[in-house]
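Student:
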Ligand code: ADP
Ligand code: MG
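In the UniProt record's numbering, the protein residues as written are 69 to 397.
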């Protein structure tokens with residue numbers, strides 16, 4: 069059983085940044101408005117993710133660590149329309165299998181917070197404001213072979229920050245902070261209060277905070293709807309293209325994805341505008357009827373499968389072509 073959980077963990081947890089991704093997903097699913105990520109030694113020695121979300125009741129802390137335990141979907145039908153980031157119930161179990169993990173949590177209605185040590189199973193009352201903190205120490209300490217594949221602390225830290233950046237670009241209504249060795253290295257304040265102000269302005273402000281004011285100044289807004297597909301976001305003007313494809317962010321129903329259909333569609337919209345092997349810069353947000361996309365393709369949920377990839381390809385391509393035509397006129 070130990071072996072099986074280690075193997076399963078390998079599919080979800082590749083490096084500290086994978087832990088950060090899963091824990092921030094969970095914090096967002098819990099309705100957090102502020103998420104703090106604290107790291108030590110690039111996240112290898114310590115990752116803590118603290119949120120102000122709904123918390124885990126004392127009597128459910130043990131269950132949360134169990135494999136295939138999810139509170140987010142009840143049956144297969146719900147998998148068709150899953151609206152949360154998580155649904156496989158694997159992440160906490162996988163992370164606990166390859167680290168020294170503790171869960172500290174308090175739902176607002178519970179008087180005390182409780183801390184559960186995953187290894188010993190010991191539960192004790194602690195002081196905490198409502199929300200959850202997950203502490204992950206000594207990642208891969210029991211699997212030295214995996215630990216050997218990790219890069220320098222600086223590289224692992226960069227991947228962790230990138231992981232938070234991907235979430236931050238999808239959720240301008242949530243504040244994010246990243247600390248490394250006790251120093252604040254990134255902070256993105258919420259730019260939007262739901263129900264107040266314009267969410268498009270809020271996204272532009274978040275994009276400016278995360279990708280730089282230059283990106284926003286030298287990009288155009290996307291707004292395109294074709295049947296069940298809506299595409300929004302911003303696309304960099306052709307002369308902002310870079311040598312590397314490191315600033316291409318694609319989201320499907322709020323989830324960061326790597327997807328050939330989307331990147332190919334973007335590529336083809338820019339085709340005649342770019343020279344050489346330059347890579348465009350963009351943040352694309354695709355909203356689509358959840359029944360038309362399968363998010364349960366890969367354990368990390370970074371890949372998706374569209375029911376009709378042509379309809380998505382066309383929508384993205386047209387969204388970009390329409391927007392990029394503006395400065396050409
Ligand atoms: P999944 O997210 O797929 O449900 P996880 O293993 O990531 O599976 O988490 C297991 C369960 O633990 C979740 O379904 C949720 O009930 C609970 N949980 C985990 N993290 C948090 C959190 N930060 N706040 C509230 N509940 C959480
Ligand atoms: Mg999860």
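For each residue, glycine too, the CB sits at the ideal point set by N, CA and C.
(1) Just mark residue 193 as buried or exposed, buried being the case when its beta carbon has 16 or more other beta carbons within 10 Å.
(2) With 16 other CB atoms within 10 Å as the buried threshold, where does residue 378 fall?
(3) Helix or strand or just coil, what does DSSP make of residue 38?
(4) Evaluate the contact criterion for the region 224–236 versus the region 83–100: three or more CB pairs, one atom per stretch, below 8 Å.
(5) The ligand ADP heavy atoms versus the CB of residue 283: any closer than 7 Å?
(6) Looking only at its own chain, which residues have a Cβ that is under 7 Å from the Cβ of residue 362, when we skip the five neighbours before and after it?
(7) Taking residue 241 as the reference, which of 230, 274, 212 and 253 has the closest Cα?
(8) Measuring from each Cβ to the nearest heavy atom of the ligand MG, keep the ones under 6 Å and list them in chain order.
(9) When you compare only the Cα positions, how much space is there between residue 199 and residue 253?
(10) I'd like to check one pair, residue 186 with residue 196: are the Cβ atoms closer than 8 Å?
(11) Let's see if you can read the secondary structure: which residues bound the alpha helix (DSSP H) around residue 341?
(12) Does the distance between the C-beta of residue 115 and the nearest non-hydrogen atom of the ligand ADP fall short of 7 Å?
(13) Could you say which of 125, 126, 235 and 175 lies nearest to residue 319 if we only look at CA atoms?
(14) Just list the residues that DSSP pairs residue 318 with in beta bridges.
(15) Out of curiosity, what's the CA-to-CA distance linking residue 395 and residue 105?
(16) Exposed or buried, residue 291, counting other C-beta atoms within 10 Å across all chains shown (16 or more means buried)?
(17) Check residue 308 in the structure and name its three-state DSSP category.
(18) For residue 142, count neighbouring Cβ atoms within 10 angstroms of its own Cβ and tell me buried if that reaches 16, exposed if not.
(19) For residue 111, collect the residues of the same chain with a Cβ closer than 6 Å to its Cβ; drop the 5 residues on either side in sequence, then sort them by chain order.
(20) For the alpha helix (DSSP H) that residue 87 lies in, which residues bound it at each end?
(21) Is the Cβ-Cβ distance between residue 381 and residue 332 less than 8 Å?
(22) Give, in chain order, every unbroken run of the alpha helix (DSSP H) that is at least 4 residues long and sits entirely within the region 139–184.
(23) In this structure, does DSSP put residue 405 in helix, strand or coil?
Tutor: Considering the structure as presented:
(1) exposed
(2) exposed
(3) One cannot answer for residue 38 here, as it falls past the ends of the chain, which runs 69 to 397.
(4) yes
(5) no
(6) 372 and 373
(7) 274
(8) 90, 93, 94, 154 and 159
(9) 23 Å
(10) no
(11) Looking at the DSSP string, residue 341 is not in any alpha helix (DSSP H), and its letter there is neither H nor E.
(12) no
(13) 235
(14) 325 and 352
(15) Note that residue 395 scores 43 on pLDDT, short of 50, meaning its location in the model is unreliable and no value can be drawn from it.
(16) exposed
(17) helix
(18) exposed
(19) 84, 224 and 228
(20) 84–97
(21) yes
(22) 144–148 and 159–165
(23) Residue 405 cannot be examined here, being either before or after the span of the chain that is shown, 69 to 397.
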